[in-house]
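Right, one structure below, let's go through it.
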Amino acid sequence: MSVINRFTALFKEPRTETAPKPLPPADVPHALGALLVRVALSDRKYAVQEISQIDRVLAKFQDIGPIEAAQLRAESERLEAFAPDTPDFAFLLCESVSYQDRLSMVHALWDVVYADGTLKDVEVHVMDLTQNHLGIRPEDCAAAQTRAQEAAHLST
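Quick note on numbering: my numbering labels position 106 of the sequence shown as 114, and the sequence is numbered without any gaps.
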């Protein structure tokens, strides 16, 4: 077999590598997880405190243990990496979840924002966009932010 034939055969032979895992479904738990991850990543830093807070939120919202929450977060991280814009996740949640549950999600999102002890303009922008697409009233958004800020013992 010539060098050229061996070279072209490489492209014809099936690869033995395993295919990448498919993305998790864009269901409510994964959409919430992806939003939490997206908010945490909005400042281009993914702090351990934010990861821990995301795990706590997912465990609480899904009534699951810490290992399952970490697995859900890992799946949500993969989904977030390949996902379209934030409004798509927010829309799925808006259509699938009651106002009170969405408001609880906004509280959780603000807890993630403040988990690393800082607040950056880009995080505020992402939260404004997310809250708007979740259909949360401005006064409820402000109250959620204030509560999370006070819980984190931060001042503006």
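For every residue, glycine included, the Cβ atom is placed at its ideal position computed from N, Cα and C.
Practice prompt. Give the secondary structure of LEU142 by DSSP, where H, G and I count as helix, E and B as strand, and everything else as coil.
Written response: Within the sequence shown, numbered from 1, the residue matching residue 142 stands at position 134. Helix.
Practice prompt. Report all residues from its chain with a CB closer than 8 angstroms to the CB of LEU101; omit the five preceding and five following residues, and keep chain order.
Written response: As a working mapping, residue 101 is identified with position 93 in the sequence shown. Counting only Cβ-Cβ distances below 8 angstroms, and skipping sequence neighbours, we find VAL36, ALA39, LEU40, LEU43, ARG110, MET113, LEU142.
Worksheet entry | VAL121, buried or exposed, once every other Cβ within 10 Å from all chains shown has been counted against 16 | What you label residue 121 is simply residue 113 of the sequence shown in a count that begins at 1. With 16 or more Cβ atoms within 10 Å of its Cβ, VAL121 is classed as buried.
Discussion item. Just to confirm, is the Cβ distance from VAL45 to ILE72 under 8 angstroms?
Written reply: Taking the sequence shown and counting its residues from 1, the one referred to as residue 45 is at position 37. Taking the sequence shown and counting its residues from 1, the one referred to as residue 72 is at position 64. No, the pair does not count as a contact, with Cβ atoms beyond the cut-off.
Practice prompt. Starting from the C-beta of PRO48, find all residues in its chain whose C-beta is less than 7 angstroms away, skip the five residues before and the five after it, and write them out in chain order.
Written response: One-based indexing of the sequence shown puts residue 48 at position 40. This sequence places Ala at residue 48; Pro is not what is there. Only TYR54, GLU58, ILE62, VAL120 meet the Cβ criterion.
Fill in: Burial state of ARG23 (16 or more Cβ within 10 Å)
Numbered from 1 along the sequence shown, position 15 holds the residue referred to as residue 23. Unreliable positioning characterises ARG23 in this predicted model, as indicated by a pLDDT of 48, which lies under 50. The coordinate reading is nonetheless provided below. Exposed: under 16 other Cβ atoms inside 10 Å.
Worksheet entry | Among PHE90, ASP136, GLU88, LEU66, nearest to GLN79 - alpha-carbon criterion | Here residue 79 is taken as the residue at index 71 of the sequence shown, counted from 1. Of PHE90, ASP136, GLU88, LEU66, the residue nearest in Cα terms is LEU66.
Item to complete: Give the DSSP-derived three-state secondary structure of TYR122 in the structure shown.
Response: Along the sequence shown, one-based indexing puts residue 122 at 114. Helix, per DSSP.
Discussion item. Along the chain, where does the alpha helix (DSSP H) containing ALA55 start, and where does it finish?
Written reply: Residue 55 sits at position 47 when you count from the first residue of the sequence shown. That residue, ALA55, is in no alpha helix (DSSP H); it is neither H nor E in DSSP.
Discussion item. Measuring straight from C-alpha to C-alpha, what distance separates VAL134 and GLN157?
Written reply: Working through the sequence shown from its first residue, we reach residue 134 at position 126. Working through the sequence shown from its first residue, we reach residue 157 at position 149. C-alpha separation (whole angstroms): 16 angstroms.
Item to complete: Tell me whether THR138 is buried or exposed, calling it buried when 16 or more other Cβ atoms sit within 10 Å of its Cβ.
Response: The residue given as residue 138 occupies position 130 in the sequence shown. Buried.
Discussion item. Once the 5 residues before and after SER84 are set aside, which same chain residues still bring their CB inside 6 angstroms of it?
Written reply: Translated into positions along the sequence shown, residue 84 becomes position 76. HIS38, GLY41, ALA42, VAL45, listed in sequence order.
Discussion item. Can you find the residues in the same chain that come closer than 6 angstroms, C-beta to C-beta, to ASP1, ignoring five residues on each side of it along the sequence?
Written reply: In the structure displayed, the chain extends from 9 to 164; residue 1 sits before or after that span and is not available.
Worksheet item: From ARG145 to TRP118, what distance separates their C-alpha atoms?
Response: Counting from one through the sequence shown, the residue named residue 145 turns up at place 137. Counting from one through the sequence shown, the residue named residue 118 turns up at place 110. Their Cα atoms are separated by approximately 15 angstroms.
Item to complete: Note down the Cα distance separating ARG64 from PRO74, rounded to an integer number of angstroms.
Response: In the sequence shown, residue 64 corresponds to position 56, counting from 1. In the sequence shown, residue 74 corresponds to position 66, counting from 1. Inter-residue distance for ARG64 and PRO74 is about 7 angstroms (C-alpha atoms, whole angstroms).
Worksheet item: Would you call the CB atoms of HIS115 and ARG52 closer than 8 angstroms?
Response: The sequence position of residue 115 within the sequence shown is 107, counting from 1. The sequence position of residue 52 within the sequence shown is 44, counting from 1. No, the Cβ-Cβ distance between HIS115 and ARG52 is not below 8 angstroms.
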